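Q: Starting off with a structure, shown below.
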Amino acid sequence: MATRDELDYEVIVIGAGVAGIYQIKRLTDLGVNATVLESAADLGGTWYHNRYPGARFDSESYTYGYSFSRELLDEWHWKERFSSQPENLRYLNFVADKFDLRRHMQFNCRVQAMHYDDNTHSWRLVLDDGRELRCRFVIMALGLLSAPTPPRFDGMESFKGRSFHTYHWPHEPLDLSAKKVAIIGTGATAIQIIAEIADKVGDLTVFQRRPNWAAPLNNSTISDAEMAAIRARYDDIFATCARTPGGFEHEPDRRGFYDVPREERVALWDRLYDEPGFGIWLQNFAEIFTDEAANAEISEYIAGRIRERVKDPQVAEKLIPKDHGFGVQRVPLETHYYEAYNRDNVHLVDISETPITRITETGLSTSAEDFDFDVIVYATGFDAITGAYDRIGIHGTDGRTLREQWHDGPATFLGMFVHGFPNMLMPAGPQSGSASTNYPRGIETGVNWCTEFLQHVRAEGATRFEPTAEAEQRWTEHVTKMYSTMLMRKAKSWFTGYNSNVPGHEHGKVRYFVYNGGTPKYVKRITGVRDEGYAGITFAGTPIPEGSARKRTAA
Ligand code: NAP
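Quick note on the working numbering: the sequence shown kicks off at 3 and runs consecutively.
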């Protein structure tokens, strides 16, 4: 049995994004010998990579930032209600520097494979720089949307202009003025880019397969006085986020949809549409997520707002989704997105009617027309939630990879543990509370829980933990069951595991990725497991320092 001294680290955290930064802070505070491995050249995760124009929070900035340090809350001034990527990256660097975390991070090292060794209760990590590192525990902080998926069109390599996925938007300034630009995709990312660059490019052509329901962000700046008021309110802000299903300040309307007269419902929607953030989605009636007729009514309301904003009625109709209702996919928030289509230099091509047939040297061809472009932007989304895990060869107790085990969809215990993969923790894993909530709020919950769990493991002198197969099955059934009442189970979205560019992830088979019970229920569940002495998890190990073997199962 390897002792702690024979290991390179006790804990390796993979990923230096929002989760990895907080996780290493907690571990180093406890004096744990830990490091963070990050494949990128620097920290920041999502906010390091997504440098496309218009990239910004859809969470109110002051609900997105970390809550763990009063000093940090007092020192940082959010400049906008929904802060933009450069500022968000500055914030994460500020946090890392303030707490001197960078010295615990290693950049430009991608973990290619992980092998669990049950003889030593340790993981061996194989890095792409040729190194191998051994540690007792691995914490996966990989991000939910960090495995970009470009499309698979013929001829993509032949294009002579610039082309890239939005995740790989160039770091150096890219002058788009007077350029002919194509954007493929109309998800949340494309919607931000289109709105931002419409008046800055020569010509912009949007290739849309399916429209999304989008609603106004209603962003604004935050003055010194406003920031002071926010600081005074931070305790309340985080308490509200902990109380609401989505982890935002937006509280659902608890009245019954049908108990409120139609004029009152419309008056509510009129108000919410003009308010900042996700109010129109999350301060709405619960029935819009579960009841077809209620959903149809809010959808028709939003369609009306789109028709008011887009001058050409034919273009407006194309921008209104017909295959799903409002809110059953995550709602992109926008700033003058619909108005972009009123400009002469912005064109919409419906590729559900005339599909893209190939990328050419000078642009692309659809079944109807050839187009010339200087730049092609693939805003085609991500192999969400499990994609980043699938890209690492993670070998568990029987040598089988996690990718194989999750072939038909993930199964976890609490979204944090996987049977067959001992000593691996996922503070924001598939089926955890993070994806369906204001992400950092979910992350803090997950990181805090995992850190407390590791403290328990260390205090017990255990060197191995693993969830039971039964506990994992129970949790996965619980997560699956929650989808059954939600209209979103039918949606072609990453919440159901849909991605047309990933073989096996096409529409038709739901992957139960997301815990839909909301923050309070999730926290209650994971707290309950802790209070029951970590029921559902087996522990084993060599007590330290005695060195004698010991095995026990928690109650
Ligand atoms: P996405 O929502 O998955 O959208 C991808 C788009 O590309 C869809 O319109 C899709 O059409 C289209 N597409 C994919 N493959 C295609 C192909 N081969 N041919 C033609 N069209 C294709 O991805 P995303 O926009 O990057 O957003 C993903 C998530 O990131 C969002 O849901 C959100 O959670 C997060 N996000 C957040 C913010 C923020 O404000 N904080 C901003 C951006 C993104 P189909 O629908 O027909 O497949």
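Every residue gets a Cβ at the ideal spot worked out from N, C-alpha and C, and that includes glycine. The structure presented is a predicted model; accordingly, all values stated were derived computationally and were not measured.
Exposed or buried, which one is residue 569 when buried takes at least 16 other CB atoms within 10 Å?
A: Residue numbering for the chain in the displayed model covers 3 to 557; residue 569 lies beyond these limits and cannot be assessed.
Q: How far does the beta strand (DSSP E) with residue 469 in it extend, from its first residue to its last?
A: As a first step, residue 469 is located in the sequence shown; it is residue number 467 there, counting from the start. It spans 466-469 - the beta strand (DSSP E) in which residue 469 sits, taken as one unbroken run.
Q: If I'm right that residue 324 touches residue 350 with Cβ under 8 angstroms, what's the distance once you round it to whole angstroms?
A: Counting from 1 along the sequence shown, the entry for residue 324 is found at position 322. Counting from 1 along the sequence shown, the entry for residue 350 is found at position 348. The pair is not a contact, with the Cβ atoms about 15 angstroms apart (cut-off 8 angstroms).
Q: Of the choices 45, 123, 84, whose alpha-carbon is the least far from that of residue 92?
A: Start at 1 with the first residue of the sequence shown, and residue 92 comes out as number 90. Restricting attention to 45, 123, 84, the CA atom closest to the CA of residue 92 is found in 45.
Q: How big is the Cα-Cα spacing for residue 454 and residue 28?
A: Working through the sequence shown from its first residue, we reach residue 454 at position 452. Working through the sequence shown from its first residue, we reach residue 28 at position 26. About 10 angstroms.
Q: To the nearest angstrom, report how far apart residue 216 and residue 348 are at their CA atoms.
A: Numbered from its first residue, the sequence shown carries residue 216 at position 214. Numbered from its first residue, the sequence shown carries residue 348 at position 346. Using only the alpha carbons, I get a separation of about 18 angstroms.
Q: Using DSSP with H/G/I as helix, E/B as strand and the rest coil, what is residue 367?
A: For the purposes of this step, residue 367 is taken as residue 365 along the sequence shown, with counting starting at 1. The answer is strand: DSSP assigns residue 367 an E or B state.
Q: Determine the DSSP secondary structure at residue 227, reduced to helix, strand or coil.
A: Here the question's residue 227 lines up with position 225 in the sequence shown. Reduced to three states, the DSSP call for residue 227 is helix.
Q: CB-CB under 8 angstroms to residue 547, same chain, minus the five flanking residues each way: which ones, in chain order?
A: One-based indexing of the sequence shown puts residue 547 at position 545. With a pLDDT of 39 at residue 547, under the threshold of 50, the modelled position of this residue cannot be trusted; read the value that follows with caution. Closer than 8 angstroms at Cβ, skipping near neighbours: no residue.
Q: My assumption, with CB atoms under 8 angstroms, is that residue 339 sits in contact with residue 193. Please give the rounded CB distance.
A: As a working note, residue 339 is residue 337 in the sequence shown. As a working note, residue 193 is residue 191 in the sequence shown. Correct: roughly 5 angstroms between the Cβ atoms.
Q: For residue 96, count neighbouring Cβ atoms within 10 angstroms of its own Cβ and tell me buried if that reaches 16, exposed if not.
A: Locating residue 96 in the sequence shown gives position 94, where the first residue counts as 1. Per the 10 Å Cβ criterion, exposed.
Q: Taking the beta carbon of residue 369 as the centre, do at least 16 other beta carbons fall within 10 Å, making it buried, or is it exposed?
A: Here residue 369 refers to the residue found at position 367 of the sequence shown. Exposed.
Q: Once DSSP output is grouped into helix, strand and coil, what is the label at residue 134?
A: Start at 1 with the first residue of the sequence shown, and residue 134 comes out as number 132. Of the three classes helix, strand and coil, the one that applies to residue 134 here is strand, per DSSP.
Q: For my contact list, residue 543 and residue 465 are in at a C-beta cut-off of 8 angstroms; report their separation, rounded to the angstrom.
A: The sequence position of residue 543 within the sequence shown is 541, counting from 1. The sequence position of residue 465 within the sequence shown is 463, counting from 1. Yes, they are in contact, since the Cβ atoms of residue 543 and residue 465 sit about 3 angstroms apart, within 8 angstroms.
Q: Between which residues of its own chain and residue 328 is the CB-CB distance below 6 angstroms, once the five residues before and five after are set aside?
A: To locate residue 328, count along the sequence shown from 1; it is residue 326. 215, 300, 301, 304.
Q: Pull up the distance between the alpha-carbon of residue 493 and that of residue 114, whole angstroms please.
A: Within the sequence shown, numbered from 1, the residue matching residue 493 stands at position 491. Within the sequence shown, numbered from 1, the residue matching residue 114 stands at position 112. Those two C-alpha atoms are separated by around 33 angstroms.
Q: Tell me whether residue 342 counts as near the ligand NAP, meaning its Cβ is closer than 6 angstroms to at least one heavy atom of that ligand.
A: Your numbering for residue 342 matches position 340 in the sequence shown. It does not: the Cβ of residue 342 is nowhere closer than 6 angstroms to a heavy atom of the ligand NAP.
Q: What residue range is occupied by the uninterrupted beta strand (DSSP E) comprising residue 284?
A: Counted from its first residue, the sequence shown places residue 284 at position 282. Residue 284 -> not in any beta strand (DSSP E); alpha helix (DSSP H) instead, spanning 281-284.
Q: What residue does the alpha helix (DSSP H) around residue 392 start on, and which one ends it?
A: Locating residue 392 in the sequence shown gives position 390, where the first residue counts as 1. It spans 389-392 - the alpha helix (DSSP H) in which residue 392 sits, taken as one unbroken run.
Q: State yes or no: is the C-beta of residue 224 within less than 7 angstroms of the C-beta of residue 78?
A: Against the sequence shown, residue 224 aligns to sequence position 222. Against the sequence shown, residue 78 aligns to sequence position 76. No, they are not a contact pair.
Q: Once DSSP output is grouped into helix, strand and coil, what is the label at residue 120?
A: Numbered from its first residue, the sequence shown carries residue 120 at position 118. Coil at residue 120, not helix or strand.
Q: Using CA atoms only, rank isn't needed, just tell me which of 336, 516, 413, 288 is closest to residue 308.
A: For the purposes of this step, residue 308 is taken as the residue at position 306 of the sequence shown. Nearest C-alpha to residue 308: 336.
Q: Exposed or buried, residue 182, counting other C-beta atoms within 10 Å across all chains shown (16 or more means buried)?
A: Along the sequence shown, read from residue 1 onward, the residue named residue 182 stands at position 180. By the 10 Å Cβ count, residue 182 comes out buried.
Q: Quick check: is any heavy atom of the ligand NAP less than 6 angstroms from the C-beta of residue 502?
A: Translated into positions along the sequence shown, residue 502 becomes position 500. Correct: residue 502 has its Cβ closer than 6 angstroms to the ligand NAP.
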